[in-house]
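Protein chains in written order, with this note's numbering: chain A, 2 to 263; chain B, 14 to 469.
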């Protein structure tokens, strides 16, 4: 290799690195948020990560027992639970406990019927105004996408659920109906602390500490935000392995084809 | 160029009447290509591959998408959850936009370094800029379609830019919106145009290739091919090289699709659009950040021109200036390889663009160096000083030194200044004054000779 060519190569390699680094910087810059959040290890992290099945079942229980009184989950149908280890019968049992407004019937009236596997989780409020009037003016967001819709994702949600303080730091005035939270941007949050020791009874005997429930419901909501994740990662590993082999083969072909030119 | 041998009589019969086979043979098979193209020349065909991927996935997504303000967000979630492999299609398409831009940006910077815009390839270069502009419009409108918070507020901010133009500005904005705010009509027309523009891009790409094939590819040495010994047929040499490059590029692309599908996006776009709630930071997609930084660098008025108009003009000028590049760069030597000073300014230009992108992602008035606490302390001291002076009956603002905090916008201004300096002053002067290295006499001549020749 000539000095000239090597020089050019070094410059361009450097430039490529700079561009990639720049992309990284720019995106991490976008990611800087308000409150403070610690990173935690999640079962669904990394390229081999999967949703912890026990955590999902417990998380559903926490959602149903605690969150669902204010927050909807409108993009999730009961049948979606079958993708993560619930049997068809279990799903029917879960669905039947809900009352779904259906209709209109032949007489033109709406009627209530028990839920079916194809129904989506009904939202607790009829509309935004109803939600706000029941919650001191605050709107409890739908939770289907919450893990993807917040900077920090699962870590943020866990930080929020475990970040409540009875006493705000000195000098911070917490208005009536608000609470102080470490993770929430601005720290003053309309949602009262949702989780208390023993808020739900876990069927599998796990102790329902605040941390445990927060981790479980975070796992459940991470799934509800990215239900395709396990399939996506499994496919990704195969696709990338295939592409690496393909690149190797194509490189060999390229070398062979170019042998008479070099 | 001889007509290809046609053994099949049917094909020969057809080709006599419409010579598509001969045409393809000339343009894609025997097309003489400089033998010394390096891997930076892969990015042109890669951009073509990306365009096809975007159109194919886009058409299938359109079969499942609903372009109505009330239903758009939900229909995207339906694609993600209930359409078979809908998540794959959407992630290929959404990350594909980013990949398309990174490929095209590398393609452009390759052209900038090797002087691919110089005679006789000016029109080829222009067509490339037209493609870039069309891509930007298409990408911008595509980002609006999921109707999330960033979609809505990004659309509001960017369309509002046109209101900076005197007299007609507000009328233009109303016309773009199809109403008096970004709303359902805006979404409908953006969807229509987002479907249309890619095919316009295809048309301009055909012209781009036509212009390319008229004079052939430039090459790393930037000198003309002087005979058949300098070039090789496109197929199989460059087809296989492009295929190899594409496979390697797909590894990176696939890593984003399958493992970090939302890394390049913004969390706020998973919140449905809400005209009543403005997100704390409205940021465009990463590929617009450098232009966003130039737009926001102008936080001051000049004479009768308000800051907003200046920013808009500068942002458009930063691209339009490229149309003049073939004449702004006065050097007769095409390739940066033989331009020892240009080479380093080229590196600075790239760093400059990265800095602009970095600044574009930040809140302009956040302190650049000092910590938030230091700034708060200084402001407190200043306020105390003003209060004290006011008490003493003087005008506090005159008496006290307002603390100067270096902010992101200042870095953005510096970087914007360099960007225009590079194209408007540096390149014209450098082209006349720089002592370039001796050019090789032919493409065939190994570059090593040049190193040996330096000792003679």
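Heads up, the beta-carbon is just placed ideally off N, CA and C, and yes, glycines get one too.
Check whether residue i and residue j have beta carbons under 8 Å apart
i, j, result
"residue 162 of chain B", "residue 287 of chain B", "yes"
"residue 369 of chain B", "residue 432 of chain B", "yes"
"residue 190 of chain B", "residue 198 of chain B", "yes"
"residue 174 of chain B", "residue 325 of chain B", "yes"
"residue 354 of chain B", "residue 48 of chain B", "no"
"residue 297 of chain B", "residue 167 of chain B", "yes"
"residue 336 of chain B", "residue 139 of chain B", "yes"
"residue 41 of chain A", "residue 143 of chain A", "no"
"residue 80 of chain B", "residue 220 of chain B", "no"
"residue 221 of chain A", "residue 55 of chain A", "no"
"residue 247 of chain B", "residue 118 of chain B", "no"
"residue 386 of chain B", "residue 399 of chain B", "no"
"residue 241 of chain A", "residue 268 of chain B", "yes"
"residue 228 of chain B", "residue 134 of chain B", "yes"
"residue 392 of chain B", "residue 377 of chain B", "no"
Burial state of residue i, where buried means 16 or more other Cβ atoms lie within 10 Å
i, result
"residue 352 of chain B", "buried"
"residue 245 of chain A", "exposed"
"residue 28 of chain B", "buried"
"residue 37 of chain B", "exposed"
"residue 31 of chain A", "Per-residue confidence for residue 31 of chain A stands at a pLDDT of 39, beneath the threshold of 50, marking its modelled position as unreliable; the derived number appears in the next sentence. So residue 31 of chain A ends up on the buried side."
"residue 172 of chain B", "buried"
"residue 57 of chain A", "buried"
"residue 357 of chain B", "exposed"
"residue 454 of chain B", "exposed"
"residue 16 of chain A", "Confidence is the limiting factor: at residue 16 of chain A the pLDDT is only 49, short of 50, which leaves the residue's position unreliable, though a coordinate-based value still follows. The residue is buried, with at least 16 neighbouring Cβ atoms inside 10 Å."
"residue 254 of chain B", "buried"
Simplified DSSP state of residue i, which is helix, strand or coil
i, result
"residue 136 of chain A", "coil"
"residue 144 of chain A", "coil"
"residue 97 of chain B", "coil"
"residue 350 of chain B", "helix"
"residue 181 of chain A", "strand"
"residue 125 of chain A", "coil"
"residue 172 of chain A", "coil"
"residue 33 of chain A", "Low confidence applies to residue 33 of chain A: its pLDDT is 39, below 50, so where it sits in the model is not reliable enough to give any reading."
"residue 28 of chain A", "Reliability of the predicted coordinates at residue 28 of chain A is poor, the pLDDT of 42 falling under 50, and the value obtained from them is presented with this limitation in mind. Residue 28 of chain A: helix per DSSP, three-state reduction."
"residue 189 of chain A", "strand"
"residue 46 of chain A", "coil"
"residue 314 of chain B", "coil"
"residue 263 of chain A", "coil"
"residue 70 of chain A", "helix"
"residue 451 of chain B", "coil"
"residue 95 of chain A", "helix"
"residue 558 of chain B", "Residue 558 of chain B lies beyond the stretch modelled for chain B, which goes from 14 to 469, so this question has no answer here."
"residue 209 of chain A", "coil"
"residue 46 of chain B", "strand"
"residue 161 of chain B", "strand"
Proximal residues to residue i (C-beta, below 6 Å), its chain only, five neighbours per side dropped
i, result
"residue 78 of chain B", "88"
"residue 25 of chain A", "Here residue 25 of chain A scores only 46 on pLDDT, less than 50, and its place in the model should not be relied on; the value that follows carries that caveat. Closer than 6 Å at the Cβ level, and outside the excluded window around residue 25 of chain A, lies no residue."
"residue 177 of chain B", "321, 322 and 325"
"residue 76 of chain A", "145"
"residue 43 of chain A", "155"
"residue 440 of chain B", "341 and 342"
beta-carbon residue i near the ligand NAD non-hydrogen atom, thresh 7 Å
i, result
"residue 383 of chain B", "Judged by which ligands are present, the structure shown has none, so any question about the ligand NAD falls away."
Cut-off 7 Å between Cβ atoms - residues of its own chain near residue i, not counting five sequence neighbours on either side
i, result
"residue 381 of chain B", "419, 420, 421, 423 and 424"
"residue 140 of chain A", "129, 132 and 133"
"residue 79 of chain A", "92, 95, 96, 116, 118 and 120"
"residue 5 of chain A", "Bear in mind that the predicted position of residue 5 of chain A carries a pLDDT of just 48, short of 50, making it too unreliable to give a figure here."
"residue 196 of chain A", "67, 162, 211, 214 and 215"
"residue 100 of chain B", "93"
When the options are compared against residue i, the one with the closest alpha-carbon
i, options, result
"residue 249 of chain B", "A:254, A:243, A:250 and A:227", "A:254"
"residue 136 of chain A", "A:232, A:126 and A:145", "A:126"
"residue 277 of chain B", "B:264, B:301, B:441 and B:117", "B:301"
"residue 65 of chain A", "A:218, A:243, A:184 and A:223", "A:218"
"residue 153 of chain A", "B:238, B:436, B:257 and B:281", "B:281"
"residue 198 of chain A", "A:174, A:173 and A:162", "A:162"
"residue 231 of chain B", "B:131, B:154, B:122 and B:22", "B:131"
"residue 218 of chain B", "B:35, B:193, B:314 and B:62", "B:62"
"residue 445 of chain B", "B:340, B:212 and B:193", "B:340"
"residue 121 of chain B", "B:379, B:332, B:76 and B:98", "B:332"
"residue 51 of chain B", "B:107, B:205 and B:127", "B:127"
Cβ shell of residue i (< 8 Å), same chain only, five flanking positions each side left out
i, result
"residue 115 of chain B", "300"
"residue 237 of chain A", "48"
Min CB distance residue i to chain D below 8 Å
i, result
"residue 228 of chain A", "Reference to chain D is not applicable here, since the protein chains of this structure are A and B."
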